[in-house]
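What follows is one structure encoded as structure tokens, with my remarks underneath.
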Amino acid sequence: MPSNHVLYAAPLSYFSGKARSYLHYKQVGFEERFADRNVYQDIILPRIGYPVMPVTILDNDQAIQDTSELIDYFENTSHSPSATPPTPKQAFVSALLELYGDEWLVIPAMHYRWVYNKDFALSEFGKVTAPHAPKAEQLKAAEKSSAMFQAVVPMLGATPQMAPAIEKSYINFLHEFNTHLEHHDFLLGGKPCTGDFGLVGPLYAHLYRDPFSGDLMKKEAPLVAKWVERMIAIPFNVEGDYLANDEIPPTLYPLLKRQMSEQGPCLLDLVEKLADFKTTNKDQAIPRTIGMHDFTVEGETGKRIIIPYTQWMLQRALTPLSKLDDKDRTKIDNLLNDINGQTLKGLTIKAPVTRENHKLIWA
Ligand SMILES: N[C@@H](CCC(=O)N[C@@H](CS)C(=O)NCC(=O)O)C(=O)O
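Note that the sequence shown covers residues 16 to 378 in the numbering used here.
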């Protein structure tokens with residue numbers, strides 16, 4: 016397909032998997048280039064200002080870093096095939112599950128990568144950091160370049176104390192998603208939505224491609240592994256559509272309930288903590304983290320960092336609700352009741368944020 020969009024990405028990367036899968040689905044035509052050390056130096060740092068992947072340079076030379084901004088860009092400029100359900104309940108669930116994949120499943124993804132797949136992960140980091148060096152040198156370079164990622168694991172809450180609960184929750188999630196996939200090819204029927212792309216980030220690079228985790232997924236949830244294979248197939252093959260009448264499949268409720276019970280309390284606390292932070296720091300750049308808070312998974316409570324960016328993802332799910340009429344609003348409220356997400360009903364974001372030039376700023 017003729018196009019000069021370039022995706023700088025790598026196979027080991029969480030968000031590269033999301034961007035790649037979406038761009039193939041969207042059929043916009045792009046070339047993927049390996050984001051090695053030189054790409055970081057020559058393209059990513061000068062264009063974005065900090066080291067991160069994936070980065071897309073569009074054919075008009077615009078640089079897009081964030082995968083949700085990438086999705087928004089192509090959903091707004093190239094309509095078919097769409098990843099945004101046209102009806103309100105499905106659009107809301109799609110955005111919620113994108114938030115879940117991006118900002119919560121990072122906990123099991125990072126846990127399994129660094130506890131069970133460390134050797135493989137290091138060899139993959141070596142390819143990014145020192146692509147042309149001999150293997151031993153690559154591994155040495157990988158220890159250095161992956162140090163920040165390894166240090167983040169306990170900060171995300173994936174500590175040895177939390178490990179059994181994180182694994183229990185992930186296996187339960189796999190079983191719940193597997194049951195859903197006995198009935199549907201994608202989250203909302205026969206066609207993927209932004210929620211599918213959010214989930215494929217962790218479920219591809221870390222939890223399918225890393226060898227121990229891939230075996231676990233194939234054993235515990237073979238249909239989830241097949242879904243990953245559908246999500247990464249080239250060309251991306253879709254024959255169906257979203258379910259009629261704005262229906263949320265009943266088999267999705269256990270996943271949504273899991274999200275509300277685990278991630279929900281952290282979302283509410285984040286909204287409070289970010290508002291508190293703003294009262295004393297409103298002239299300061301918004302930091303990547305603003306302290307730690309409790310989180311509870313399968314009855315076990317640990318601590319994890321509070322990430323302001325997550326509120327931006329939450330806002331993307333909630334903002335469209337304010338434009339709904341009373342009838343549609345009631346439908347969303349009923350859905351939130353059914354998934355134990357009552358606390359999100361009418362939630363006020365006290366210190367809204369937005370993104371500008373690849374950075375989070377106060378809205
Ligand atoms: N929200 C961003 C997240 C990007 C991200 O976290 N990328 C990871 C690799 S998958 C990274 O480069 N992390 C380095 C860092 O955040 O310092 C997106 O959607 O693109």
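Virtual Cβ for every residue (Gly too), placed ideally from N, Cα, C.
Per-residue burial, residue i [other beta carbons within 10 Å of its own, 16 or more giving buried]
i: M275; result: buried
i: H221; result: buried
i: P175; result: exposed
i: K159; result: exposed
i: P265; result: exposed
i: D76; result: exposed
i: A34; result: buried
i: G172; result: buried
i: I263; result: buried
i: R224; result: buried
i: P169; result: buried
i: F49; result: exposed
Local conformation of residue i per DSSP, three classes
i: L47; result: The amino acid at residue 47 is misidentified as Leu; the sequence shows Glu. The answer is strand: DSSP assigns E47 an E or B state.
i: A177; result: Checking the displayed sequence, the identity of residue 177 turns out to be Met instead of Ala. Of the three classes helix, strand and coil, the one that applies to M177 here is coil, per DSSP.
i: D200; result: coil
i: E182; result: helix
i: G229; result: helix
i: L282; result: helix
i: A368; result: Per the sequence shown, residue 368 should be read as Val rather than Ala. Strand, per DSSP.
i: G255; result: coil
i: H308; result: strand
i: G317; result: strand
i: T102; result: coil
i: K297; result: coil
i: V67; result: coil
i: K272; result: helix
i: L114; result: helix
i: M206; result: The sequence given here has Lys at residue 206, not Met. Reduced to three states, the DSSP call for K206 is coil.
i: I79; result: strand
i: I322; result: coil
i: L22; result: strand
Closest residue to residue i among the options (Cα-Cα distance)
i: I249; options: E47, N19 and Y29; result: E47
i: F45; options: H20, T345, L60 and N53; result: H20
i: P6; options: N355, G32, S97 and K318; result: There is no way to answer for residue 6, as the model of the chain reaches only from 16 to 378.
i: A24; options: Y55, M125 and L336; result: Y55
i: D284; options: Y185, K318 and H199; result: K318
i: T92; options: L375, R128 and K41; result: K41
i: V253; options: E244, P207, P217 and G216; result: P207
i: K288; options: L359, D117, A366 and N53; result: A366
i: I72; options: G64, L85, P66 and V312; result: L85
i: T304; options: K293, Y115, F251 and L114; result: K293
i: H198; options: K233, G255 and V143; result: G255
i: R52; options: I247, V143 and G229; result: V143
i: A332; options: A180, Q105, N296 and L202; result: Q105
i: D81; options: S97, P101 and Y29; result: Y29
i: R273; options: S184, V167 and I79; result: S184
Nearest-angstrom Cα separation, counted from residue j out to residue i
i: Q278; j: F310; result: 8 Å
i: P237; j: N193; result: 7 Å
i: T334; j: F188; result: 27 Å
i: N352; j: G204; result: 22 Å
i: V108; j: G210; result: 7 Å
i: Y131; j: V121; result: 15 Å
i: H195; j: L267; result: 6 Å
i: E152; j: M163; result: 19 Å
i: W377; j: A156; result: 37 Å
i: P323; j: A124; result: 20 Å
i: I320; j: N349; result: 31 Å
i: V239; j: D298; result: 45 Å
i: P146; j: V243; result: 27 Å
i: L111; j: A259; result: 20 Å
i: M307; j: W119; result: 15 Å
i: G32; j: A300; result: 29 Å
i: T99; j: D200; result: 16 Å
i: P103; j: S337; result: 11 Å
i: T363; j: C281; result: 15 Å
i: I186; j: P179; result: 11 Å
Closer than 7 Å: residue i CB and nearest ligand 3 heavy atom
i: V67; result: No copy of ligand 3 appears in this structure; the ligands present are ligand 1.
Cβ of residue i within 8 Å of any chain D Cβ
i: K159; result: No chain D is part of this structure, which consists of one protein chain only.
Ordered list of beta strand (DSSP E) runs contained in the region 122-168, each at least 3 residues: If we require 3 residues or more, the region 122-168 turns out to have no beta strand (DSSP E) run fully inside it.
Ranges of the beta strand (DSSP E) found wholly within the region 332-363, counting only runs of at least 3: none
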